[in-house]
Amino acid sequence: LEKAYAKLNGCYEALAGGSTVEGFEDFTGGISEFYDLKKPPANLYQIIRKALRAGSLLGCSIDVSSAAEAEAITSQKLVKSHAYSVTGIEEVDFQGHPERLIRLRNPWGEVEWSGAWSDDAPEWNHIDPQRKEELDKKVEDGEFWMSFSDFVRQFSRLEICNLSPDSLSSEEVHKWNLVLFNGRWTRGSTAGGCQNYPATYWTNPQFKIHLDEVDEEDQEESIGEPCCTVLLGLMQKNRRRRKRIGQGMLSIGYAVYQVPKELESHTEAHVGRDFFLDYQPLARTSTYVNLREVSGRARLPPGEYLVVPSTFEPFKDGEFCLRVFSEKKAQALEIGDVVAGNPHEPHPSEVDQEDSQFKSLFEKLAEKDSEITANALKMLLNEAFSKRTDITFHGFNINTCREMISLLDSNGTGTLGLVEFKRLWLKIQKYLEIYRETDYNHSGTIDAHKMRTALRKAGFTLNSQVQQTIALRYACSKLGINFDSFVACMIRLETLFKLFSLLDKDKDGVVHLSLAERCKPLLIWMELWVVG
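Take the sequence shown: its position 301, counted from the start at 1, is 367 in this note's numbering, and no numbers get skipped.
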């Protein structure tokens with residue numbers, strides 16, 4: 067098993083420096099929580115009780131201040147730095163007052179707690195014999211009871227591994243409901259960093275959770291208004307494999323925001339920058355840490371919530387898995403998981419408007435039949451835009467010019483007439499307007515992470531996967547996009563949406579293609595990657 071686990075992670079070296087909890091999660095598929103018992107939450111008893119009812123695995127230990135204290139035995143027979151498992155929690159009537167007890171197990175079974183409520187402690191003489199029998203306090207050597215207050219005082223930390231529904235076969239346990247998302251942070255697209263970077267934070271992946279049903283809690287367990295308990299776990303993937311090339315764990319975290327009523331139906335596009343400037347998270351990781359997984363528990367009133375997973379610094383590439391455990395079934399979806407396009411079309415009056423200077427420019431490069439070829443189009447456009455000082459322009463290549471003609475060539479001649487050319491010119495002018503609006507710092511280029519805004523202005527709603535593809539294809543090494551690359555991207559997107567619309571005969575958003583029909587879109591898509 068160890069050999070297979072090492073192979074899964076790449077090599078034995080990749081296992082070095084891992085934590086017990088990582089192995090625990092890998093072998094069970096669960097999600098872990100950590101509690102510092104020096105600062106326990108007010109509802110710790112309820113948390114433990116619910117965890118045991120849900121079939122979770124619980125362990126606790128006593129911290130040591132030096133290596134010399136490891137395995138040292140306290141005056142009340144507890145072993146420091148030793149892993150104890152939590153096997154039960156109950157409440158009994160003790161001398162007319164309720165007493166909370168917790169049952170622990172020492173796996174080695176050699177040393178047991180000798181304080182209050184230990185096996186031979188006098189407290190058991192004041193418990194109803196039937197109740198004492200129910201607690202079965204001498205199941206096996208190594209298992210013992212202690213008061214809950216002593217447990218919190220004596221132990222330093224508690225770890226809970228909550229199991230996913232498919233890990234549990236028993237019908238008696240109260241299983242968690244699980245929603246799982248896989249995603250990635252990509253430089254220039256979806257790697258926005260934490261809230262310290264407001265210009266890019268909003269570009270991180272966003273997930274919406276709808277919590278409808280409150281927890282089933284006893285009267286004694288009710289704390290404040292009825293709420294929904296959720297466990298959130300953000301795990302970075304495949305980082306151990308990358309250890310060999312010097313890439314360690316990223317510092318990761320998440321934040322949870324309540325969605326206001328006016329944005330509850332907003333699912334097609336990312337929530338914008340202004341939202342995160344106006345609203346603060348209701349729950350979040352206490353700090354960004356370079357662990358494989360960060361997790362936490364939150365009690366939230368019924369409603370809709372936005373979860374934003376991120377790295378601490380922007381522009382850090384990585385894959386992640388976001389898991390949401392809830393007591394009651396929750397609806398969840400990724401925001402912006404929609405692809406739609408409604409690109410700008412020049413108004414007919416603009417196209418028909420007489421412009422002698424424009425006509426003269428066209429006729430200078432047009433062929434005898436008053437049509438302009440791809441080569442002539444390239445010369446004309448490059449001459450027009452190379453003179454501008456407000457944009458970074460390296461020149462349109464011949465393939466982009468051919469795609470421009472393909473998009474607007476209504477009669478299939480492979481050339482553009484005057485009216486077709488004017489439509490193209492007006493489109494490019496619109497792209498120029500969007501480009502300059504998005505270039506906030508007037509650098510002549512637009513940052514790759516601003517492409518989402520630019521594309522939205524151009525009429526395109528694209529999911530994170532397509533946004534990531536665009537950033538990888540069109541951004542330079544410094545994550546800037548120049549004007550010719552921007553226009554090439556717009557033209558190719560328009561061409562793809564136009565082609566899909568022609569093939570989607572039923573207008574149901576689904577296209578079934580024969581091999582012959584697949585060739586053209588595949589060639590266009592390959593062109594998007596290979597040339598430009």
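Heads up, the beta-carbon is just placed ideally off N, CA and C, and yes, glycines get one too.
Remember, it's a predicted structure, so these values are computed and weren't measured experimentally.
Beta-carbon spacing of residue i, residue j below 7 Å
{"i": "I275", "j": "Y371", "result": "yes"}
{"i": "F487", "j": "F428", "result": "yes"}
{"i": "L366", "j": "C293", "result": "yes"}
{"i": "N356", "j": "S317", "result": "yes"}
{"i": "D278", "j": "T295", "result": "no"}
{"i": "V601", "j": "P380", "result": "Look at the range of the chain in this structure, 67 to 598, and you will see that residue 601 is not part of it."}
{"i": "A117", "j": "I226", "result": "yes"}
{"i": "A514", "j": "I547", "result": "yes"}
{"i": "T351", "j": "G314", "result": "no"}
{"i": "S184", "j": "F210", "result": "yes"}
{"i": "I113", "j": "N228", "result": "no"}
{"i": "D340", "j": "S222", "result": "no"}
{"i": "G299", "j": "E385", "result": "no"}
{"i": "V405", "j": "N507", "result": "no"}
{"i": "E560", "j": "P409", "result": "yes"}
Inter-residue Cα distance where the pair is residue i and residue j
{"i": "N270", "j": "G259", "result": "7 Å"}
{"i": "G598", "j": "L474", "result": "Reliability of the predicted coordinates at G598 is poor, the pLDDT of 40 falling under 50, and the value obtained from them is presented with this limitation in mind. Taking the straight line from one Cα to the other gives about 19 Å."}
{"i": "E88", "j": "E99", "result": "12 Å"}
{"i": "V177", "j": "V145", "result": "8 Å"}
{"i": "I512", "j": "S361", "result": "36 Å"}
{"i": "M470", "j": "Y540", "result": "17 Å"}
{"i": "V158", "j": "L297", "result": "30 Å"}
{"i": "A72", "j": "L521", "result": "44 Å"}
{"i": "K104", "j": "D505", "result": "51 Å"}
{"i": "Y101", "j": "V325", "result": "28 Å"}
{"i": "K69", "j": "T535", "result": "37 Å"}
{"i": "P173", "j": "S230", "result": "25 Å"}
{"i": "F566", "j": "P412", "result": "21 Å"}
{"i": "G480", "j": "T527", "result": "30 Å"}
{"i": "F93", "j": "V577", "result": "41 Å"}
{"i": "D435", "j": "E449", "result": "23 Å"}
{"i": "V266", "j": "K516", "result": "Rather than Val, the amino acid found at residue 266 in this sequence is Thr. Their backbone Cα atoms lie some 8 Å apart in a straight line."}
{"i": "A432", "j": "L492", "result": "18 Å"}
Residue i beta carbon near the ligand HEM (any heavy atom closer than 6 Å)
{"i": "P264", "result": "By its list of ligands, the structure shown contains no ligand whatsoever, and the ligand HEM lies outside what it can speak to."}
Closest Cα partner of residue i within the set the options
{"i": "T455", "options": "G510, L528 and L298", "result": "G510"}
{"i": "R518", "options": "S215, L67 and W268", "result": "W268"}
{"i": "I401", "options": "N507, S426, Q272 and F424", "result": "Q272"}
{"i": "S422", "options": "S122, G312 and L484", "result": "L484"}
{"i": "R305", "options": "G76, F563, N448 and N548", "result": "G76"}
{"i": "S141", "options": "Q220, S580, G480 and L124", "result": "Q220"}
{"i": "I464", "options": "L447, K425 and K198", "result": "L447"}
{"i": "S392", "options": "G575, E189, L170 and L246", "result": "L246"}
{"i": "V152", "options": "L329, L562 and L170", "result": "L170"}
{"i": "L110", "options": "E334, R119, L224 and L562", "result": "L224"}
{"i": "P347", "options": "T333, V373 and R119", "result": "V373"}
{"i": "R250", "options": "A136, L581 and L388", "result": "L388"}
Assumed close pair residue i, residue j - CB separation to whole angstroms, cut-off 8 Å
{"i": "F462", "j": "D550", "result": "5 Å"}
{"i": "L482", "j": "L490", "result": "7 Å"}
{"i": "A537", "j": "S255", "result": "4 Å"}
{"i": "I155", "j": "I168", "result": "5 Å"}
{"i": "A349", "j": "V322", "result": "4 Å"}
{"i": "Y501", "j": "I457", "result": "7 Å"}
{"i": "P264", "j": "F342", "result": "7 Å"}
{"i": "W242", "j": "A120", "result": "6 Å"}
Endpoints, alpha helix (DSSP H) assigned at residue i
{"i": "Q302", "result": "Unbroken run through Q302 is the beta strand (DSSP E), C294 to K303; no alpha helix (DSSP H)."}
{"i": "N441", "result": "A440 to F451"}
{"i": "Y263", "result": "Y263 -> no alpha helix (DSSP H), and no H or E assigned at all."}
{"i": "L201", "result": "P195 to L201"}
{"i": "N465", "result": "I464 to L474"}
{"i": "V322", "result": "V322 -> not in any alpha helix (DSSP H); beta strand (DSSP E) instead, spanning I318 to Q324."}
{"i": "K523", "result": "M517 to K523"}
{"i": "I113", "result": "L110 to R119"}
{"i": "V485", "result": "L484 to T504"}
{"i": "R339", "result": "R339 to D344"}
Start-to-end residues for the beta strand (DSSP E) that takes in residue i
{"i": "S151", "result": "Y150 to F160"}
{"i": "A398", "result": "Q397 to E400"}
{"i": "W211", "result": "E209 to S213"}
{"i": "S127", "result": "L123 to S127"}
{"i": "T561", "result": "From DSSP, T561 is part of no beta strand (DSSP E) but of the alpha helix (DSSP H) over F549 to L569."}
{"i": "E68", "result": "Not the beta strand (DSSP E): E68 falls in the alpha helix (DSSP H), residues E68 to L74."}
{"i": "F245", "result": "Per the sequence presented here, residue 245 reads as Val, with Phe not at that position. It spans N243 to W251 - the beta strand (DSSP E) in which V245 sits, taken as one unbroken run."}
{"i": "Q531", "result": "That residue, Q531, is in no beta strand (DSSP E); its alpha helix (DSSP H) goes S530 to Y540."}
{"i": "D102", "result": "I97 to D102"}
{"i": "T377", "result": "G369 to T377"}
{"i": "K274", "result": "F273 to L277"}
CB contact check: residue i to chain D, cutoff 7 Å
{"i": "I457", "result": "Going by chain labels, chain D is absent from the structure shown, which holds only one protein chain."}
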